[in-house]
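Participant: Chains as they are written, first to last, in my numbering: chain A, 1 to 462; chain B, 1001 to 1462; chain C, 2001 to 2462; chain D, 3001 to 3462.
Just so you know, even glycine gets a beta-carbon here, dropped at the ideal spot from N, CA and C.
Source: prediction; values computed, not measured.
Here's a structure for you.
There are 4 protein chains.
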Amino acid sequence: AKLWGGRFEESVTAVVEKFTESISYDKALYKHDIRGSKAHASMLAKQGMISTSDRDSILEGLDEIERKIEAGEFVWRTDREDVHMNIEAALTDIIGEPAKKLHTARSRNDQVLTDFRLWCRDAIDTIAESIKRLQISLVKLALNNKDLIVPGYTHLQRAQPVLLQHLLLAYVEQLERDAGRLLDCRVRLNFCPLGACALAGTGLPIDRFMTAEILEFTAPMRNSIDAVSDRDFVLEFLSANSITAVHLSRLGEEWVLWASEEFGFITPSDSVSTGSSIMPQKKNPDPMELVRGKSARVIGDLVTLLTLCKGLPLAYNRDLQEDKEPTFDSVKTIVGMLEVSAEFAQNITFNQERIQKALPAGHLDATTLADYLVKKQIPFRTSHDIVGRAVALCVSKNCQLKDLSLDEMRSLNPVFDEDVYDYLGVENAVKKFSSYGSTGSACVASQLDCWVTTLGIDKSKP
Amino acid sequence: AKLWGGRFEESVTAVVEKFTESISYDKALYKHDIRGSKAHASMLAKQGMISTSDRDSILEGLDEIERKIEAGEFVWRTDREDVHMNIEAALTDIIGEPAKKLHTARSRNDQVLTDFRLWCRDAIDTIAESIKRLQISLVKLALNNKDLIVPGYTHLQRAQPVLLQHLLLAYVEQLERDAGRLLDCRVRLNFCPLGACALAGTGLPIDRFMTAEILEFTAPMRNSIDAVSDRDFVLEFLSANSITAVHLSRLGEEWVLWASEEFGFITPSDSVSTGSSIMPQKKNPDPMELVRGKSARVIGDLVTLLTLCKGLPLAYNRDLQEDKEPTFDSVKTIVGMLEVSAEFAQNITFNQERIQKALPAGHLDATTLADYLVKKQIPFRTSHDIVGRAVALCVSKNCQLKDLSLDEMRSLNPVFDEDVYDYLGVENAVKKFSSYGSTGSACVASQLDCWVTTLGIDKSKP
Amino acid sequence: AKLWGGRFEESVTAVVEKFTESISYDKALYKHDIRGSKAHASMLAKQGMISTSDRDSILEGLDEIERKIEAGEFVWRTDREDVHMNIEAALTDIIGEPAKKLHTARSRNDQVLTDFRLWCRDAIDTIAESIKRLQISLVKLALNNKDLIVPGYTHLQRAQPVLLQHLLLAYVEQLERDAGRLLDCRVRLNFCPLGACALAGTGLPIDRFMTAEILEFTAPMRNSIDAVSDRDFVLEFLSANSITAVHLSRLGEEWVLWASEEFGFITPSDSVSTGSSIMPQKKNPDPMELVRGKSARVIGDLVTLLTLCKGLPLAYNRDLQEDKEPTFDSVKTIVGMLEVSAEFAQNITFNQERIQKALPAGHLDATTLADYLVKKQIPFRTSHDIVGRAVALCVSKNCQLKDLSLDEMRSLNPVFDEDVYDYLGVENAVKKFSSYGSTGSACVASQLDCWVTTLGIDKSKP
Amino acid sequence: AKLWGGRFEESVTAVVEKFTESISYDKALYKHDIRGSKAHASMLAKQGMISTSDRDSILEGLDEIERKIEAGEFVWRTDREDVHMNIEAALTDIIGEPAKKLHTARSRNDQVLTDFRLWCRDAIDTIAESIKRLQISLVKLALNNKDLIVPGYTHLQRAQPVLLQHLLLAYVEQLERDAGRLLDCRVRLNFCPLGACALAGTGLPIDRFMTAEILEFTAPMRNSIDAVSDRDFVLEFLSANSITAVHLSRLGEEWVLWASEEFGFITPSDSVSTGSSIMPQKKNPDPMELVRGKSARVIGDLVTLLTLCKGLPLAYNRDLQEDKEPTFDSVKTIVGMLEVSAEFAQNITFNQERIQKALPAGHLDATTLADYLVKKQIPFRTSHDIVGRAVALCVSKNCQLKDLSLDEMRSLNPVFDEDVYDYLGVENAVKKFSSYGSTGSACVASQLDCWVTTLGIDKSKP
């Protein structure tokens, strides 16, 4: 019989039981549920609502249950609905009467939110660590590919030459903000709902500050209705994950492009590639395709949760039970994406020779040439136009800017001089960059140093 | 070793293997994979690409594998990546050499789509049946609640009196279109990709019409690149599910409202209600809350799939592996929602007395009164205004329209006569409806008859 | 004063008026609103509810209003809330008393849905034509690039050689299904809600079959509550658009890739390219980037509408007013995407020479070689493995398969013979394809012929 | 001719121009574009790249343009593509040559992001103020409805009695977190991209710290590629808006329920209600329905942007132009939702008498009774069961708990005593709550005081 069965004359049908159960997934909360129950029992004892010996029985019983679960010996029962009822009922099976006092001044409404906030807090810490690991992998990749110039793209058209290091650090920056969002979310969610009970609090003499402290929350939540009804902490969490997922999808796209025959920038090792069941020559960068693809799922999880919460009146509604699976899926997916991206980063080789050979294509030095003219006092718009015509000339002659003779350049504008050749060619172009945050070697080196320090990387170990 | 390992010198890392595997969920396709392989083997034999005895070994081996899977004796191996490779490798374990010929003129690209289309086709049939069952439950509920008048709402404000039957049939209409969408989707997806191979077809002498026919597809797909790269059939399927889910979420909301103390229209039986762990008096309509909530998940699954496919170049990309889990989840969820809604419909009682007592509130006969004036040749806009003032009078007197004296009404407009009282009161108001599709008793009875016939309901059995 | 003001003592505040108005966008429905009102007036007259002369005044007044709107002389007033009230009030300004009879046996609830279904029906026809125009552009592009072989990709890795025509026809197939979905949607939505009134129908003697027929609907809707409350027809419409948008995003991605320096398959003309404000050499395929990007918006519009409808009780709720802007945006966006894609298709040149030069890379003939072995009775799995090793040999020697000597091949398996060279090289590989739907020349030619006929293309005009 | 036209021989077609233009909406950025250009010009002058007199011409010309725009005298031209080119070209029209130097060391890529970040920063400040206004309205509503007890709900079933003030403060708490999210977002986005140029920075001697300071950014962004390519600041902003929108949708739902005939808790004034075109008696809470509905649109905008960014390679891609319309729409919508909610809050009356009369229904004191038993040393589970049976008894007798005789109660358990009646009845039940954050009067009063102080509310003004 259900634990809430007092006024009920009939059990729920099999169809309803199967449709409404949550034990198949919320058992993932067991560790946090037990931790919360222990804190609650300790508080009940301190406040004199249960005896010290009842408390001790409860604590020992819960330890026994945790041990059983982790040993795979615990039997989860669907007829006991959810993780809370399974554990409480098992506790009753083990210790008897004292177990019936555990739910004093507590409802599943505040209990599940205590569990879930604890779980999310742990999950945030896990993701933050994975983010850092990926940052480290990217910085190491940068360290291992010093001085390599690659084309920078806009519109997937070659735009300007950039240092590979500079480009890799752009991802490190993104990830740093991702971690920042998680941290903000963590601070905001770290308040304790325990003691809000069903929705209105209780008249029993509980000490919410004590349980909050034991559970390492900043403080108890201030409003019991808010405590049991809102899910904004998960929405914020899944939003943060979605943004990280979008970042990773872009990294995925980029590396898939780079691994193509046409780009040919990187060669992933066999250990991060897969083959084809029919085409014997294929070697595919599957992990990064899946990173790109799985971003969709993290976004879908967020949409599920936003749509779920939309239009629900206060306070708790059963719909909210559906908050867990998308959250679990979002976390599992994003951790996988971060981990495999780090693994991939550690298993690619840059094809320096091939990149270098292809660099001249695309007139990557055109903007540097325009800057040259600006330095010669030509207004930028005019410079832009002159260089535009120089490029048109190169296209018609099928050559590079540096192949134009001084006379040819002077035919476009007399200001050109011999020193122009210091600005042409990809290597020269990169050397000219000097602004803060630019791809100039000194700027990039200084940024890289900052990251090495921030991330605590030991440069001696590749 | 992977089956595609010929050119590979290194296995994938554990992280990559775990991240890229699909066997944990695509084993759900086993039945369709085996069915497809049998058709393929038969065709290969008929076309002389394998011997009859090879074919027979293959067919028997596949039967054995299917038997094992259904008996729970089959060991799914993650290192064999997916359902296709698991079954093919197991076949090799059982029958040896001939198994190596099964993948002739086939790629996992066309194989998985054959499996997946077959699976979706079955799933559509299952959902269509569940829809019909819910329609039948709703029609039966209507049959069992003849003549019951309930308030019809707009803006959740009482608007006009309607027959409960009429209202229930609105849901039946929605569901009928839902089924229609699934049927259209089924027709459109029922073309066979098998033989498209990796993406370009094959030079081996296969007969795609034969396999299409064995597998009950309308015809083979016309373009091999299209066959392996597009997922529009799943997008359409999940769109159809999402629309159904929205319909059910509205039913859920309505029934949750109706079960509230404030509305009090229905009492769900204990067998479809649940209680509270803390509040002993609670009896909650959880199944319909979850129906409302789970709609979010069906929508989220669609968003996942749309986002997944966005911006992928031709042809197959590994991202597309992620098409399965959202589809499986969408189908499982929508079937559960339909089933539990039917179960709920069969377990509610309408509180006729309470409804009737509350009916007079809300001036539900106001529009009927305006129609009365129109019949007396007052232009509608003027009638609307007169009745508006009559309602204001009632509000100030705290009475109903039918409680106004003829003099009071005539003070608003002299055209009122004794016959006006035939138009007032909820019962009179309902009687006046006569237009096609309206809530008039005759119209509703005729619609109900149509549905009883269409759905093959035996009216003698409640 | 509002037309519904009878019982109201106070006007709405400015904040509320601004927030709730819809005239700023629903005026787009004016043509359909007028058409619906004309049908309604004609019916009222035929049924004797208004006089013939009232009807004629109404029809003339509506004509005058339509003329004014199209001449830009009509003043839309926010205090008149929406398109219906604006037109009805203007009609009263023009023809006086008879206008007050137009709203007889009609509510804005059924009126707006009549307008909206008519609008969607027209929009579907427009989109279907745009789809056809893009199909024609793609087929013409195929006709103009006969015999061009390009690499076919899976995982963005070169897989097998395919005819460009074959690849372009894959998009034509997708678009054909897109049109099919729209057509199904059109059939399903083409039922007339007019006469459902507020939600319950009416007691006035209207003829819903007459108005349905005048407005070219299949029939009146059968259930008045369903008629005013459901929005599944828009959800289905926006779903269809979303799927089309996903298809176009993939085309966009592909063409952006092809236009890159690295792929270099196509050169878009200057007339469909844009430049950079800073980098003088840039020429970007912006239209196709925006096609890819705008797909997001079509998906977002669908999500808006699904979320909007989720969890609303019957019947009409004001939330539903929000159905229009996402629909208008979806239609405008998808039409723009289709048009610009067709324009782009007409303005690209394939760089045949460059493509041909790059074709040997990627061992595109590996699968054809495996088929060769299968024809020599080697089981496919074994063949796959042998070719895998042959490819590994090529990689180590940095050569193509056709560069291997017969001895080298025989060292892998003795079955190789001189005839193997007929299977090697990209041109040979393509020639070998023969299965239905494959990239074999004959298959593609036949498919192309079908499309030329289906789309009514005059092959003599490029 | 386009400003980037140097190498182009042909203008874009009309279809492309219409499809790719952004001026129709990005003109909303004019103020921030001008502000950014002024900062840039000042910096160029200080760094010696333009003369002081050029700078002054530029600053004056920009002032003149701003004046014209605000006076409605400025002509926006589609052939000038976007807000940046429109303003720069107009500047050239006005001041000639010096204008051509403004774009020195700047690209539209960094320019638009500078504008957009400034715009978002302002928008955040606007929304934060609107949030505060709504909080104040809710707190005032609470202050004006002291001591009013309403049913608290879970599952939309009556659960426990709560103070209306407590319930209203739950929304104030939600909104406070919403504001916190915006603030975090503001801090994170407040870094300056200007000077990142196209993607790589520049070789010209710019001072990015100076422009950052003038524009009140915390600092320049550290990585130029990151600066022009990422949109996570908008994703975070729209996520925050979506969560706020979900909160408001719940408030909307609750108030729509409360305004229904069945609940009857509140009466909105005529000034925030609307009527029906057909049903003269209707008075609908439209603004809150639209608040609920418009949440869908804010969510849809977020989905658009997430989907847009998914899978784009570095750095800028034209797709990203589509970031603006969803953002503008999200901001406009959320501000409207907040404003109208505040307006609605100021225009509702609580129907105290009706609420009080209905309070006894639902056994809201059942949990308090269970607490009574706990205080008598009955374990909670047993107490819950006893009260469950007491409720069942009430249901069968159709009475309230307080109507049960002591004998009846003792028949359930002998521990009941006379003092039990101090725990029964809604008023008694509320009085018993005492835990921190509970609905007990003292707790609520203290929370209310905090909010009055935090929000700076003058309690003397209603």
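1. My output table needs one value for residue 448 of chain A: the three-state DSSP class, helix, strand or coil.
2. Shorter than 8 Å from the beta carbon of residue 1367 of chain B to some beta carbon of chain D?
3. Starting from the Cα of residue 3132 of chain D, find the closest Cα among D/3178, D/3110 and D/3119 and give me that residue.
4. Would you tell me roughly how many angstroms separate the C-alpha atoms of residue 1460 of chain B and residue 1448 of chain B, rounded to the nearest one?
5. Suppose the cutoff is 6 Å on Cβ atoms and the five residues either side in sequence are ignored; what does the same chain contact list for residue 3440 of chain D look like?
6. Quick check: the region 1122–1131 of chain B against the region 1209–1228 of chain B, are there 3 or more CB pairs under 8 Å?
7. Ordered along the chain, which non-local residues of its own chain (more than five positions away) have a Cβ less than 7 Å from that of residue 3218 of chain D?
8. What number of angstroms, rounded off, separates the C-alpha of residue 1458 of chain B from the C-alpha of residue 1452 of chain B?
9. Quickly, what does DSSP pair residue 142 of chain A with across the bridge? List them, please.
10. CB residue 3310 of chain D to CB residue 271 of chain A, shorter than 8 Å?
11. With a cut-off of 8 Å on the beta carbons, I'd call residue 2316 of chain C and residue 2145 of chain C a contact; round off their distance for me.
12. Determine the closest residue to residue 2170 of chain C out of B/1165, B/1159 and B/1196, with distance taken between C-alpha atoms.
13. What's the C-alpha gap between residue 2384 of chain C and residue 1098 of chain B?
14. Who are the Cβ neighbours of residue 1282 of chain B in its own chain at under 8 Å, not counting the five residues just before and after it?
15. Counting contacts by CB-CB distance shorter than 8 Å, is residue 2074 of chain C in contact with chain D?
16. For the putative contact between residue 2199 of chain C and residue 1159 of chain B, defined by C-beta atoms under 8 Å, what is the C-beta separation to the nearest angstrom?
17. Straight-line CA distance for residue 2001 of chain C to residue 2101 of chain C?
18. When you compare each of D/3161, D/3048 and D/3041 to residue 225 of chain A by their alpha carbons, which one comes out closest?
19. Beta-carbon within less than 7 Å of residue 1020 of chain B's beta-carbon, same chain only, minus the 5 sequence neighbours each way: which residues are those?
20. Report yes if the C-beta distance between residue 3402 of chain D and residue 3424 of chain D is below 8 Å; otherwise report no.
21. Is there a C-beta anywhere in chain A that falls below 8 Å from the one on residue 2155 of chain C?
22. Any contact between the region 1290–1305 of chain B and the region 44–59 of chain A? By contact I mean 3 or more CB pairs, one from each, below 8 Å.
23. Given a cut-off of 8 Å on the beta-carbon distance, is the pair residue 3341 of chain D and residue 3134 of chain D in contact?
24. 8 Å is my cut-off, CB to CB: does residue 307 of chain A come that close to chain C?
25. For a cutoff of 8 Å on Cβ pairs, would you count residue 335 of chain A as touching chain B?
26. Quick one: what does DSSP say residue 3159 of chain D is sitting in, helix, strand or coil?
27. Is there contact between the region 1379–1399 of chain B and the region 1332–1340 of chain B, where contact requires at least three CB pairs shorter than 8 Å?
28. Chain D beta carbons: is any one of them nearer than 8 Å to that of residue 151 of chain A?
29. Where does residue 3289 of chain D land, buried or exposed, given buried means 16+ other C-beta within 10 angstroms?
30. Whose Cβ in chain C lies nearer than 7 Å to the Cβ of residue 260 of chain A?
31. Would a check of beta-carbon distances place residue 3256 of chain D closer than 8 Å to chain B?
32. Tell me the rounded alpha-carbon separation between residue 334 of chain A and residue 2445 of chain C.
33. Under 7 Å Cβ to Cβ from residue 3253 of chain D, same chain only, skipping five residues before and after it: list those, please.
Facilitator: Looking at the coordinates:
1. helix
2. yes
3. D/3178
4. Pairing residue 1460 of chain B with residue 1448 of chain B, the inter-Cα distance amounts to about 15 Å.
5. 3433 and 3434
6. no
7. 3190 and 3191
8. Their backbone Cα atoms lie some 8 Å apart in a straight line.
9. BP columns for residue 142 of chain A are empty, so no partner.
10. For residue 3310 of chain D and residue 271 of chain A, no; Cβs fall outside 8 Å.
11. About 54 Å separates the two Cβ atoms, so there is no contact after all.
12. Cα-wise, what sits closest to residue 2170 of chain C is B/1196.
13. 15 Å
14. 1275 and 1276
15. no
16. Residue 2199 of chain C to residue 1159 of chain B, Cβ: 6 Å. Contact.
17. Only weak support exists for where residue 2001 of chain C lies, its pLDDT of 46 falling under 50; the value from the coordinates is given anyway. Cα to Cα, residue 2001 of chain C sits roughly 18 Å from residue 2101 of chain C.
18. When only C-alpha atoms are compared, the closest one is D/3161.
19. The answer is none, since no qualifying residue turns up.
20. yes
21. Contacts with chain A at 8 Å (Cβ-Cβ) include residue 2155 of chain C.
22. No, because fewer than three Cβ pairs between the region 1290–1305 of chain B and the region 44–59 of chain A fall closer than 8 Å, the two stretches do not touch.
23. Yes; because the gap between Cβ atoms is below 8 Å, this pair is in contact.
24. It does: the Cβ of residue 307 of chain A has a partner Cβ on chain C nearer than 8 Å.
25. no
26. Strand, per DSSP.
27. Taking one beta carbon from each stretch, the region 1379–1399 of chain B and the region 1332–1340 of chain B have fewer than 3 pairs nearer than 8 Å; the two do not touch.
28. no
29. buried
30. The contacting residues are 2156 and 2157.
31. yes
32. 46 Å
33. 3292
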